[in-house]
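S.K.: Can you keep this structure in mind? I'll have questions shortly.
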Amino acid sequence: MRSFLFIPGDSPKKLDKGIGSGADALLIDLEDSISPQNKTQARATTLAFLKEAVPVKQRPRIYVRINGFATGLTDDDLDAVVGGHPDGVMFPKAEGGAAVIHCDAKITAREAIAGLPEGALDIIAIATETAQAMFLAGTYVGSSKRLKGLTWGAEDLSVELGAEANRDRDGHFLAPYQLARSLCLAGAAAAQVQAIDTVYIDFRNEAGLRRECDEARRDGFTGKMAIHPGQVAIINEVFTPTAEAVKRAEAVIAAFAENPGAGTVGIGGVMYDRPHLERARQLLARAKAWT
Ligand code: COA
Ligand code: MG
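Counting from 169, one number per residue, gives the positions in the sequence shown under my numbering.
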């Protein structure tokens with residue numbers, strides 16, 4: 169999935185708009201965009217939406233962002249929405265693989281109650297929202313079969329660190345958040361799950377969004393979260409492999425196919441070895457999915 173659009177779970181209007189946004193996945197939010205007094209209503213609105221939207225054949229993937237363990241709201245969130253059979257749950261303020269195992273167990277119980285097969289719901293964890301989480305980013309490996317992606321957050325982390333800002337004047341992330349981003353990337357690669365870049369909150373700034381998407385793709389992220397439907401097209405475009413990139417990948421695969429025993433080949437004066445072959449295969453798989 170390239171684009172993941174956040175939609176406040178208490179807004180039927182935005183939920184309807186999100187379905188037609190072109191996003192590969194919707195992240196229906198019960199957490200930060202919902203005020204404490206609206207949590208109950210947001211759960212009901214979200215469940216009603218799931219009942220309507222999930223059975224539709226051609227639709228984006230649908231995830232619900234629940235509230236983190238420290239809030240005491242996680243169980244009520246899961247009680248409310250698992251029966252609506254979303255494709256998965258976004259798990260915020262995750263603190264390592266142990267927390268994902270805990271979340272997995274909570275989901276398993278609700279799947280049984282709802283009569284869903286075990287493992288029906290995936291987990292995408294937000295891996296860097298607390299200071300402690302930063303030190304646990306390498307512990308997601310093998311934690312749960314449900315875990316399909318890791319993403320990171322700069323907003324909650326900056327509150328926890330007591331920072332005045334998380335970006336410099338040009339909009340670039342400051343050092344603590346670059347570290348969080350890198351830990352997410354390495355943690356996801358180690359766990360062999362998708363690395364998903366964080367939100368870009370300056371939602372009218374298309375050039376800034378595009379730059380951040382380009383940098384994310386360059387570094388190994390394969391998707392990005394959005395907070396506004398206007399961001400979806402740019403994210404989809406940047407994370408769809410270009411015709412040129414596909415051609416290059418096909419050339420690498422062809423060169424190795426012609427030299428089955430080779431560990432390394434030369435194409436146009438450049439050396440390619442086995443890791444390049446693996447990268448070419450991954451790129452073609454993404455291109456096949458999205459074009
Ligand atoms: N999902 C679906 N629809 C959205 C949307 C979203 N995330 N954000 C905006 N829209 C809709 C608006 O309702 C509006 O619909 P309309 O044309 O039918 O009136 C249209 O898109 C244009 O919106 P716009 O006026 O440009 O923005 P806004 O001021 O209404 O909303 C935000 C700005 C930031 C409040 C809104 O984008 C939002 O709620 N984003 C998600 C926030 C969130 O979930 N945060 C948690 C994760 S960090
Ligand atoms: Mg948050």
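Glycine included, each C-beta is placed from N, C-alpha and C at the ideal position.
Give the straight-line distance between the Cα atoms of E412 and E418, rounded to the nearest whole angstrom.
M.R.: Cα-Cα distance, rounded: 10 angstroms.
S.K.: Taking just the CA atoms, how far does N235 sit from L377?
M.R.: When rounded, the distance between both Cα atoms is 27 angstroms.
S.K.: Helix, strand or coil for V249? Go by DSSP, reduced to three states.
M.R.: Looking at V249 - three-state DSSP - the assignment turns out to be helix.
S.K.: Consult DSSP for Y345 and reduce its assignment to one of helix, strand or coil.
M.R.: In this structure, Y345 counts as helix in the three-state DSSP scheme.
S.K.: Keeping to the same chain, check which residues put their C-beta closer than 6 angstroms to that of Q110; ignore five residues upstream and five downstream.
M.R.: Residue 110 lies beyond the range of the chain shown here (169 to 459); nothing can be said about it.
S.K.: When DSSP labels each residue in this structure, what does Q360 get in the three-state scheme?
M.R.: DSSP places Q360 in coil when its eight states are reduced to three.
S.K.: Kindly indicate which residue of F174, I395, L342 and G251 has the alpha-carbon position closest to the one of L218.
M.R.: Closest by alpha carbon: G251.
S.K.: Give the straight-line distance between the Cα atoms of L353 and P428, rounded to the nearest whole angstrom.
M.R.: Whole-angstrom Cα-Cα distance: 32 angstroms.
S.K.: Alpha carbon to alpha carbon, how far is P409 from A212? Give it in angstroms, no decimals.
M.R.: Taking the straight line from one Cα to the other gives about 39 angstroms.
S.K.: Straight-line CA distance for V222 to C381?
M.R.: Those two C-alpha atoms are separated by around 29 angstroms.
S.K.: Rounded to the nearest angstrom, what separates E332 and S326 at their Cα positions?
M.R.: Those two C-alpha atoms are separated by around 8 angstroms.
S.K.: Note down the Cα distance separating F341 from H396, rounded to an integer number of angstroms.
M.R.: Taking the straight line joining both Cα atoms gives about 20 angstroms.
S.K.: Output needed for D197: all residues of its chain with C-beta closer than 7 angstroms, excluding positions within five of it in sequence on either side, in chain order.
M.R.: Excluding sequence neighbours, D197 sits near F174, I175, P176, G177 and R233.
S.K.: Rounded to whole angstroms, what is the Cα-Cα separation between S189 and V400?
M.R.: Near 7 angstroms, if we compare the C-alpha coordinates of V400 and S189.
S.K.: Measuring from the CB of P176, is there a heavy atom of the ligand MG at a distance below 7 angstroms?
M.R.: No - the ligand MG has no heavy atom lying nearer than 7 angstroms to the Cβ of P176.
S.K.: Report all residues from its chain with a CB closer than 7 angstroms to the CB of R210; omit the five preceding and five following residues, and keep chain order.
M.R.: The residue you asked about is not Arg; residue 210 is Ala in the sequence shown. Excluding residues within five positions, the ones whose Cβ falls inside 7 angstroms are G177, D178, L198 and I202.
S.K.: Within 10 angstroms of the Cβ of G355, are there 16 or more other Cβ atoms? Answer buried if so, exposed if not.
M.R.: Buried, since its Cβ has 16 or more Cβ neighbours within 10 Å.
S.K.: By Cβ distance, which residues of its chain are closer than 8 angstroms to T298, with the 5 residues on each side in sequence left out?
M.R.: Around T298: K261, E263, D324, L325 and E328.
S.K.: With H, G and I counted as helix, E and B as strand and the rest as coil, what does DSSP make of V400?
M.R.: The answer is helix: DSSP assigns V400 an H, G or I state.
S.K.: Could you tell me which residues DSSP puts in a beta bridge with M258?
M.R.: Paired residue(s): R233 and I292.
S.K.: Around the ligand MG, which residues pass a check of Cβ closer than 5 angstroms to any of its heavy atoms?
M.R.: In chain order, the hits are D200 and D324.
S.K.: Once DSSP output is grouped into helix, strand and coil, what is the label at F407?
M.R.: In this structure, F407 counts as helix in the three-state DSSP scheme.
S.K.: Looking at the strands, I want to know which residues DSSP matches up with K207.
M.R.: Its beta-bridge partners do not exist; DSSP assigns none.
S.K.: Considering only the alpha carbon of each residue, which of D255, Y231, D272 and K207 lies closest to G240?
M.R.: For the residues D255, Y231, D272 and K207, the minimum Cα distance to G240 belongs to K207.
S.K.: Tell me, to the nearest whole angstrom, how far the beta carbon of I230 is from that of D255; I am working on the premise that it is less than 8 angstroms.
M.R.: Rounded, the Cβ-Cβ distance is 5 angstroms, consistent with contact.
S.K.: Does P204 pass the burial test, meaning 16 or more other C-beta atoms within 10 Å, or should it be called exposed?
M.R.: Its Cβ having fewer than 16 others within 10 Å, P204 is exposed.
S.K.: Is there at least one non-hydrogen atom of the ligand COA closer than 7 angstroms to the beta-carbon of I292?
M.R.: Not so, every heavy atom of the ligand COA lies at least 7 angstroms from the Cβ.
S.K.: Can you tell me whether K274 is helix, strand or coil according to DSSP?
M.R.: Here K274 sits in helix by DSSP.
S.K.: Please state whether the Cβ-Cβ distance between T276 and V249 is less than 8 angstroms.
M.R.: Taking 8 angstroms as the Cβ cut-off, T276 and V249 do not qualify as a contacting pair.
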